[in-house]
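Heads up: the structure comes next, in structure tokens.
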Amino acid sequence: MSLPLHHPGDALLMDYAGGCLGEAGGLVVATHLALCPGCRCAVAELDAVGGALLEELEPDALAPGALDRLFARLDEPPPYEEPPTPPRIAPPAVPSLIPEPLRRYVGGNPAAMRWRMMAPGFQCVDIPLSRGERARLIRMKGGAAAPRHSHEGLELALVLDGGFSDALGQFARGDVAVGDGSIDHKPVADPEGCLCLSVTLGRLRLTGAVGRFLNPFMRL
Amino acid sequence: MERALSSFFPSPGRHARLVCGRAFAFNAAMQDPLPPAAAAMSPDDLLLAVGRARDRAAFAALFGHFAPRLKAYLRRLGADAQGAEELVQEVMLLVWRRAETFDPAQASAATWVFTIARNRRIDALRREQRPEIDPDDPALVPDPVEPADRTLETAQDSGRLRAAIRALPPEQAELLRMAYFEDKPHSAIAVERGLPLGTVKSRLRLALDRLRKALRDPS
Ligand SMILES: [Zn+2]
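If you read the protein sequences in the order shown, they are chains A and B.
Numbers given in our numbering equal positions in the first sequence, counted from 1, plus 166.
Numbers given in our numbering equal positions in the second sequence, counted from 1, plus 53.
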């Protein structure tokens, strides 16, 4: 299997490692990480930056007795650990097209999902996330062209199967396309069609000017 | 290779290697006098001692080192003093319970503790899931490079990385702190700071180049 050619880029990877990227962006980044050893390595380095920053913080003394309080709890039985919601789906016998962490949100079998028609040649499954964020699985028929649309923020698309092309190149399994208002990209699905995860990071976290900043940066 | 994330999972195939023997000075927040042995151990050694032997003196030393930094971390991210104290307790309890999964070949103790605190903070303060890979997922594309061949191992020398962070010009260091400590995606920074976009972009680039050089430079 070939490795991805289009990556989320340093800014998004750092936001993910730093913990400030929301669940929707995190879902795209982490699912890309499952398919991209290079970005896994980059995130490991950025985690190490977090460790170093923690070391460099000016210590803030705890209230007296904090250690005693903790020692009194060490022998508590671990609480029942709530399973992550949505619950993790058991790995399929045959590696799925859909890796973790996405699989625990939608399952591993696209044929079993409830697809809804968006436009001719386009179907989607909505993925509800916390705090009102949303992600979508999108299935495009071969040759389907995305209708022109304006980006309200930063749009991330991760290809899971098949692929598409736009002005910025060809995108295949594992590739992340970063779309914003600065580029009139009009993806056209490859002949075999395309299955992708799509999220829009809205104005809550991103402003309109951001795309112009992020996009060229993230394609470095 | 996935250092920090997979360090939450035991990796039986890989021998834990101790690669750093930094001497470590603990700060005055220590609440119990330590046996001299524990006082001289690095955080990595202490965490290994906790994981292997449930060593309470080592855990007290770890607490003395990390708890005040964790409190500072959580306060910078918006927790009030009491909320930060409570979260520090929870994070350190997770450190105690998960210590046996710590693998110093994959991350330093500080990095490992950071990832636990970061995730706990997202859960507790932002009430969000944090999507993460599953290292055992058969759909995960394996690293074509054998871990033993990777220069990432030198990341174990977190001292070099810290020195590089200290040496960053203030405006570059600030960009890092906003992403790690202030819950502000880079995407939002330019606007908030009123900086030209190109300036933010080149500052982040410069900062990362320096840090990666520190991580990868074998000297
Ligand atoms: Zn990548």
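The beta-carbon is built from N, C-alpha and C at its ideal position, and this holds for glycine as well.
Measuring only from the beta carbon, is Gly-204 of chain A closer than 7 Å to any heavy atom that is part of ligand 1?
Here the question's residue 204 of chain A lines up with position 38 in the first sequence. Yes.
Report yes if the CB atom of Ala-196 of chain A is closer than 8 Å to the CB atom of Glu-185 of chain B, and no otherwise.
Locating residue 196 of chain A in the first sequence gives position 30, where the first residue counts as 1. Locating residue 185 of chain B in the second sequence gives position 132, where the first residue counts as 1. Yes, they are a contact pair.
For Val-103 of chain B, decide whether its Cβ has a neighbour in chain A, counting only Cβ atoms nearer than 8 Å.
Position 50 of the second sequence, counting from 1, holds the residue named residue 103 of chain B. No, Val-103 of chain B does not count as interfacial toward chain A.
Cβ of Pro-184 of chain B versus every heavy atom of ligand 1: is any distance shorter than 7 Å?
As a first step, residue 184 of chain B must be located in the second sequence, where it is residue number 131. Checking the Cβ of Pro-184 of chain B against ligand 1 gives no.
To which residues of the same chain is Thr-252 of chain B closer than 6 Å at the C-beta, ignoring the five residues directly before and after it?
The residue labelled residue 252 of chain B in the question sits at position 199 within the second sequence. The answer is none, since no qualifying residue turns up.
Please decide whether Arg-173 of chain B counts as near chain A, where near means a Cβ-Cβ distance under 8 Å.
Here residue 173 of chain B corresponds to residue number 120 of the second sequence, with the count starting at 1. No - not a single Cβ of chain A is within 8 Å of the one on Arg-173 of chain B.
I'd like the ranges of any alpha helix (DSSP H) spanning at least 4 consecutive residues and lying wholly in the stretch 143-227 of chain B.
DSSP runs (the alpha helix (DSSP H)) wholly in the stretch 143-227 of chain B: 162-174, 211-219.
Nearest to Gln-332 of chain B by alpha carbon, out of A:Gly-335, A:Asp-213, A:Glu-358, A:Asp-241?
This structure cannot settle anything about residue 332 of chain B, because the visible part of chain B is limited to 54 through 272.
Which of the three DSSP states, helix, strand or coil, is assigned to Glu-55 of chain B?
Locating residue 55 of chain B in the second sequence gives position 2, counting from the first residue. Bear in mind that a pLDDT of 36 at Glu-55 of chain B, under 50, signals an unreliable position, so the number given afterwards is only what the model happens to contain. In this structure, Glu-55 of chain B counts as coil in the three-state DSSP scheme.
When we look at the beta-carbon of Arg-256 of chain B and count the other beta-carbons within 10 Å, is it buried (16 or more) or exposed?
Your numbering for residue 256 of chain B matches position 203 in the second sequence. Arg-256 of chain B comes out buried.
Can you have a look at Cys-186 of chain A and say buried or exposed, based on whether 16 or more other CB atoms are within 10 angstroms of its CB?
Sequence index remark: in the first sequence, residue 186 of chain A carries index 20 (1-based). Cys-186 of chain A should be labelled buried.
Here's a check: name, in chain order, each residue in its chain whose Cβ is nearer than 6 Å to the Cβ of Gly-204 of chain A, leaving out the five neighbours to either side.
Taking the first residue of the first sequence as 1, we reach residue 204 of chain A at position 38. None.
Looking at the structure shown, is Ser-255 of chain B part of a helix, part of a strand, or coil, going by DSSP?
If you number the second sequence from 1, residue 255 of chain B lands on position 202. Reduced to three states, the DSSP call for Ser-255 of chain B is helix.
Measure how close the beta-carbons of Pro-157 of chain B and Leu-101 of chain B come, nearest whole angstrom, since I'm counting them as under 8 Å.
For the purposes of this step, residue 157 of chain B is taken as residue 104 along the second sequence, with counting starting at 1. For the purposes of this step, residue 101 of chain B is taken as residue 48 along the second sequence, with counting starting at 1. With 8 Å as the limit, Pro-157 of chain B and Leu-101 of chain B qualify as a contact, their Cβ atoms being about 7 Å apart.
Could you have a look at Gly-312 of chain A and say whether DSSP puts it in helix, strand or coil?
Looking up residue 312 of chain A in the first sequence gives position 146. The identity of residue 312 of chain A in the sequence shown is Ala, whereas the question assumes Gly. Looking at Ala-312 of chain A - three-state DSSP - the assignment turns out to be coil, as it is neither helix nor strand.
Given this structure, state the Cα-to-Cα distance separating Glu-299 of chain A from Glu-235 of chain B, to the nearest angstrom.
On the first sequence, residue 299 of chain A is found 133 positions in, with the first residue counted as 1. On the second sequence, residue 235 of chain B is found 182 positions in, with the first residue counted as 1. One C-alpha to the other measures close to 20 Å.
So Pro-243 of chain A contacts chain B; which residues on that side make the cut at Cβ distance below 8 Å?
As a first step, residue 243 of chain A must be located in the first sequence, where it is residue number 77. Those do not exist, as Pro-243 of chain A stays about 10 Å from chain B at its closest Cβ, beyond 8 Å.
Mind pulling the chain A residues with CB within less than 7 Å of Met-145 of chain B?
If you number the second sequence from 1, residue 145 of chain B lands on position 92. Within chain A, the residues near Met-145 of chain B are Leu-236.
May I ask whether a heavy atom of ligand 1 can be found less than 7 Å away from the beta carbon of Pro-170 of chain A?
Locating residue 170 of chain A in the first sequence gives position 4, counting from the first residue. Indeed, a heavy atom of ligand 1 lies less than 7 Å from the Cβ.
Is it buried or exposed, Ser-161 of chain B, if we count other Cβ atoms within 10 angstroms and call 16 or more buried?
Taking the first residue of the second sequence as position 1, residue 161 of chain B is located at position 108. With 16 or more other Cβ atoms within 10 Å, it is buried.
Whose Cβ in chain A lies nearer than 7 Å to the Cβ of Lys-124 of chain B?
Locating residue 124 of chain B in the second sequence gives position 71, counting from the first residue. Here the neighbours are Asp-226, Leu-228.
What are the residues that DSSP puts in a beta bridge with Gln-289 of chain A?
As a first step, residue 289 of chain A is located in the first sequence; it is residue number 123 there, counting from the start. DSSP output for Gln-289 of chain A lists A:Met-283, A:Arg-305 as bridge partner(s).
Using a Cβ-Cβ distance under 8 Å, would Asp-270 of chain B count as near chain A?
Position 217 of the second sequence holds residue 270 of chain B. Not closer than 8 Å to any Cβ of chain A, the Cβ of Asp-270 of chain B fails to qualify, so no.
Check the DSSP bridge columns for Leu-171 of chain A and list the partner residues they point to.
Taking the first residue of the first sequence as 1, we reach residue 171 of chain A at position 5. DSSP lists no partner for Leu-171 of chain A.
If we define contact as Cβ-Cβ less than 8 Å, is Pro-203 of chain A a contact residue for chain B?
Within the first sequence, numbered from 1, the residue matching residue 203 of chain A stands at position 37. Interface residue, yes.
Please classify Lys-266 of chain B as buried or exposed, where buried requires at least 16 other C-beta atoms within 10 Å of its C-beta.
Residue mapping note: residue 266 of chain B aligns to position 213 of the second sequence, counting from 1. By the 10 Å Cβ count, Lys-266 of chain B comes out exposed.
Select from the stretch 292-315 of chain A all residues with a C-beta closer than 9 Å to any C-beta belonging to chain B, and list them in chain order.
So the list reads Leu-295, Ser-296, Arg-297, Glu-299, given in the order they occur along the chain.
According to DSSP, is Cys-205 of chain A part of a helix, a strand, or is it coil?
Walking along the first sequence from the start, residue 205 of chain A turns up at place 39. Helix at Cys-205 of chain A.
Between Leu-214 of chain B and the rest of its own chain, which residues show a CB-CB distance below 8 Å, the 5 nearest in sequence each way excluded?
In the second sequence, the residue the question calls residue 214 of chain B occupies position 161. Same-chain partners within the cutoff: Ala-208, Leu-264, Ala-267, Leu-268.
Between Gly-274 of chain A and Thr-164 of chain B, which are expected to be in contact by the criterion C-beta below 8 Å, what is the C-beta distance as a whole number of angstroms?
Position 108 of the first sequence holds residue 274 of chain A. Position 111 of the second sequence holds residue 164 of chain B. About 31 Å; that fails the 8 Å criterion.
May I ask whether a heavy atom of ligand 1 can be found less than 7 Å away from the beta carbon of His-239 of chain B?
Indexing the second sequence from 1 puts residue 239 of chain B at position 186. No, Cβ of His-239 of chain B sits at least 7 Å from all heavy atoms of ligand 1.
Between Ala-355 of chain A and Gly-308 of chain A, which are expected to be in contact by the criterion C-beta below 8 Å, what is the C-beta distance as a whole number of angstroms?
Taking the first residue of the first sequence as position 1, residue 355 of chain A is located at position 189. Taking the first residue of the first sequence as position 1, residue 308 of chain A is located at position 142. With 8 Å as the limit, Ala-355 of chain A and Gly-308 of chain A qualify as a contact, their Cβ atoms being about 6 Å apart.
Rounded to the nearest angstrom, what separates Glu-227 of chain B and Ala-170 of chain B at their Cα positions?
What you label residue 227 of chain B is simply residue 174 of the second sequence in a count that begins at 1. What you label residue 170 of chain B is simply residue 117 of the second sequence in a count that begins at 1. So the two alpha carbons sit approximately 21 Å from each other.
Can we say the stretch 172-181 of chain B touches the stretch 96-112 of chain B, given the rule of at least three CB pairs closer than 8 Å?
In short, these stretches do not touch, since the Cβ pair count stays below three.
Should Ala-120 of chain B be labelled buried (16 or more other beta-carbon atoms within 10 Å of its own) or exposed?
In the second sequence, the residue the question calls residue 120 of chain B occupies position 67. With 16 or more other Cβ atoms within 10 Å, it is buried.
Within 10 angstroms of its Cβ, does Ala-312 of chain A collect 16 or more other Cβ (buried), or is it exposed?
By 1-based counting over the first sequence, the position of residue 312 of chain A is 146. Classification of Ala-312 of chain A: buried, given that the 10 Å Cβ count is 16 or more.
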